[in-house]
Structure formats: structure tokens, C-alpha cells
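Student: Residue numbers (this note's numbering): 63 to 495.
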Ligand code: GDP
Ligand code: IMO
Ligand code: MG
């Protein structure tokens, strides 16, 4: 069964959108399985930059159906705007190429409000640095069994009753705990029932389509958002997002069964970035960080914040590969390392006089460990037009091979620029044309 998962192996922004767009030219369906519009997935095509927050990154490929699974949380206002923007850019979006799970939870205005108010109240040093999109509060409501699902927006009577009772509780929290003004349920109802009308044609039983497509032997690509170090279970808790960005999210978030999956592609940047707060052992400061940010244009696709930058962290990467059963790596942004005299990979964490290769669960250990680095000679050549391994500068190829040796996982794709054709395949181990 030729279905694959594409997920991030770092703290997000690894280039998942770019890799999904590339592979989606060879698949029948792309299914997003978790996260919401905290995601920003960039695809550059014909010089145009398209940033997707909700819509799967296969939408630009005519051959592929795009689905949003039940594990995703949806801000309908943002989704409607995104559909409009895609249409204006010349990409038709209709129920014939895009569907949303009826079971996906809806990000409501009070979720955004709570997210922002909580972040504002947190003392400096305790902020999570969320994207402010209401992600934590919406997943919280899902698990507290007081969520609103996409289907609810299309059943006005039941929706109103549910909303009134849920908002009574949420408004009390906003007023009494967060000290802000409550929201008017009637206005929220009017606005959201309107989104239900607009989105009704797209709302469907996505898990049934996934199952049927799997049975028919179609190629399905499951698209992750965020990265496994932001996963609620395996990430750097509590500096994480509120969903399973890793492999587990595929099953709970789409209804896919494990036997469907033949490959798990882990997207890894050739260095590391993080946006928001939380531990980051290989974070650099000064000229190295500045150069990585400048050359890699490391500014958030969702919030525009500067991304924190540092060298590739082999310890964290190995942990992500293990916890997701990654079978092949897509290594992105190798071109950004061109021009560095020396490039480094972290191969261990020094803590309390010894060096470990295990990624610690303890935040205090992570925050105080000293990365130990392997240093390699860099290269100067522009990698943009390179299409095969033998044309890579020897030191760049050595870097890629070293990633394979340190992880024991083959590198399938090497991305050497943001444009669609700027990549090479080192082997045809995953999805062939
Ligand atoms: P995602 O959230 O994982 O999809 O990643 P983002 O889109 O947030 O960030 C990745 C950024 O790197 C985007 O601006 C991409 O256009 C860009 N990008 C992706 N792959 C490459 C690459 O190989 N080289 C360069 N220079 N840029 C890349
Ligand atoms: P993509 O899919 C990078 C980070 C936020 C914050 C933490 C929690 O583009 O890789 P949240 O709003 O989810 O409650 O914020 O997670 N974060 C991301 N960082 N890329 C993302 O998505 C992210 N989505 C959330 O910056 O630190
Ligand atoms: Mg992103």
C-alpha cells in the first residue's frame, strides 16, 4: 500500500509544505491530520509565494484531492479567506478537489481571546510564545467535550443551544479568571452559522474517503503540521503545541489504519530553527545565528516573528526519527549552508560531566546541556541548479552522508532552494513518479 506520511522532525518550519507539494505531484490525495492555522506552509511556484495555513499543501497539484482530517482545528474565517486567495491566484478550490472532515473542531473567537489573554498574563520567562490563533484552547475544549465541530455549524438549532451553554462557561472564565470582557453568544452564532453556510458543500466524511481510497490502492500522503519536537506528547513540554504533530496524529486525525502506511518521510532542515519560547540546545547567537537567519530567510510564515537559529541537532533529530519510525529523510535548505567556512552537527549533549545521545524529557537538563559538535569543512558553491548527488560539492555530499551515518536513515530528497524544481533525489526509495 503506497501511502506515506510527511512530518516535521524539528520545531516546525522544516519545509514540509515544499516537500508535500513536490511529492503531491505523484499522489492521489493529500490529507492534513492535525494542527490549525498556527501552521504556515510555504510553496514557491513560478516566482509566486503561497503560504497555506489550513488547506493541504497538495492543493496546487491538479492530480491530487486535498482533505482536512478530523484531527485538524479550523478557523472558518481564515479558511474562507484562504480559499478566496487561492482562487484569486488561479488555483480553483471546490468540493471536487477539497473537502473538510465534519468532525474537525472549530476555532471560536473565545479560543483566540483566551490564548492571547493567557499569553499576556504569563510572566516574562513563562510565556510559550504561541501563535495566538487559539490552538491550545480549542484542543482543550475538544478533550473537555465542550467543542464545536464543523458539522455543528450546519445544524443551526442544535448549534445555538450548544453554543449558549459552552459560552456561558467560557465567558465566566474570560471575565472572572482572565479579567476581560465576555463575548456575545448571539453575535458569535450569527457569524459562525454564516461560515457553516459557505463551507457546507466542503464538509464531508473524510475518514470514509481515506478508507475507500486506501482500499482502491490510491496513493495517499498524510501531511503533518508543526514538528515532532512540538508534539504534545513527545515534544519539549510544555513548550509545545496542543496536538500530536508526530505519527500518532495520523491515525487519530484521519481514521487511517497503520497497514495503509508504507513510508514515513521526516523533513529535516540542514540546520535548526525554532520560533516561540522553549529549550533549544544548539541555538546560536551572534554572527552564525544572523547568517543562518539572513541566508535562510528565517521569519515565521504565520506570525512574521524572527526564528531562532542554530546548527543541526543530531540528538534531537535521532529522537524524532525514533519516535516517528521515520523511514526516509527529506533534507531541506542545504543551500543555506553554502558559504560557511565550517558547518557543524551536534552529536551529543554534555550534562553533569558526561555526554548523552538521548534527548532528555527534563526541561532543566535540556536547558543546561552543552552540545558537543562535529565540525566539517564547508563549501561555497551555489547549489540551486544541482540535480544529482555527483554534482554536489564534495563537502556538501559529505554533510548529507554524515547525516545518514549519524541517523541510520537514508536521505531521499535533498532540497537546495525554495522553488519547485530545486531538489535532487538521492535514491528512489519512497514514491516514484
Ligand atoms: P513548513 O512550515 O515546514 O512548511 O515550512 P515554512 O514554509 O514555514 O518554512 C520553510 C521556508 O523555507 C519557506 O520560506 C520555504 O519557501 C523555504 N524553503 C523550503 N525549502 C527550501 C530550500 O531547500 N532552500 C531554501 N533556501 N529555502 C527553502
Ligand atoms: P508549521 O506547520 C513553527 C509554535 C509556536 C509556539 C508553540 C505553541 O508551519 O511548521 P501554538 O500557537 O501552536 O499554541 O504555539 O508552537 N508553533 C510553530 N512553530 N512552525 C509551526 O507550524 C508552528 N505552529 C506552532 O511558535 O512556540
Ligand atoms: Mg511553517
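Note that beta-carbon positions come from the ideal geometry of N, C-alpha and C, so glycine has one too.
Small disclaimer: the values here were computed from a predicted structure and weren't measured.
(1) Let me check one thing: in DSSP terms, what residues is residue 392 bridge-paired to?
(2) Measuring alpha carbon to alpha carbon, tell me which residue in 368, 364, 151 is nearest residue 336.
(3) Does DSSP put residue 288 in a helix, in a strand, or in coil?
(4) Could I get the ranges of all uninterrupted alpha helix (DSSP H) runs contained in the region 77-161, with 4 residues as the minimum, in chain order?
(5) Is it true that the CB of residue 343 sits closer than 9 angstroms to the CB of residue 375?
(6) What is the rounded straight-line gap between the Cα of residue 265 and the Cα of residue 426?
(7) Hey, which residues come within less than 5 angstroms of the ligand MG, measuring from Cβ to any heavy atom, in chain order?
(8) Would DSSP call residue 463 helix, strand or coil?
(9) Does the beta-carbon distance from residue 194 to residue 167 come in below 9 angstroms?
(10) Let me know the secondary structure DSSP gives residue 372 once reduced to three states.
(11) With distances taken from CA atoms, which of 466, 480, 90 is nearest residue 272?
(12) Does the distance between the C-beta of residue 182 and the nearest non-hydrogen atom of the ligand IMO fall short of 8 angstroms?
(13) Taking only heavy atoms of the ligand IMO into account, decide whether any of them is closer than 8 angstroms to the Cβ of residue 177.
(14) Applying the 10 Å Cβ sphere with the 16-neighbour rule, what's the burial state of residue 239?
(15) For residue 266, write down the residues that DSSP places opposite it in a beta bridge.
(16) For the alpha helix (DSSP H) containing residue 450, list its first residue and its last residue.
(17) Would the beta-carbon of residue 336 be found less than 8 angstroms away from any heavy atom of the ligand IMO?
(18) Answer yes or no: do residue 254 and residue 292 have a C-beta to C-beta separation smaller than 9 angstroms?
(19) The ligand COA heavy atoms versus the CB of residue 458: any closer than 8 angstroms?
(20) Please state if the CB of residue 88 and the CB of residue 106 are separated by a distance shorter than 9 angstroms.
(21) Find out if the Cβ-Cβ distance for the pair residue 532, residue 339 is shorter than 9 angstroms.
(22) Just the C-alpha distance for residue 269 and residue 164, rounded to the nearest angstrom, thanks.
Tutor: Taking the coordinates as given:
(1) 329, 475
(2) Residue 368 holds the alpha-carbon nearest to the alpha-carbon of residue 336 among 368, 364, 151.
(3) coil
(4) 78-86, 138-150
(5) yes
(6) C-alpha separation (whole angstroms): 44 angstroms.
(7) 75, 102, 363
(8) helix
(9) no
(10) strand
(11) 90
(12) no
(13) yes
(14) exposed
(15) 163
(16) Where residue 450 is concerned, there is no enclosing alpha helix (DSSP H), given that its DSSP letter is neither H nor E.
(17) yes
(18) no
(19) With respect to the ligand COA, the structure offers nothing, as its ligand set consists of the ligand GDP, the ligand IMO and the ligand MG.
(20) Not in contact: residue 106 and residue 88 (Cβ atoms no closer than 9 angstroms).
(21) Residue 532 is absent from the structure shown; the chain starts at 63 and stops at 495.
(22) 10 angstroms
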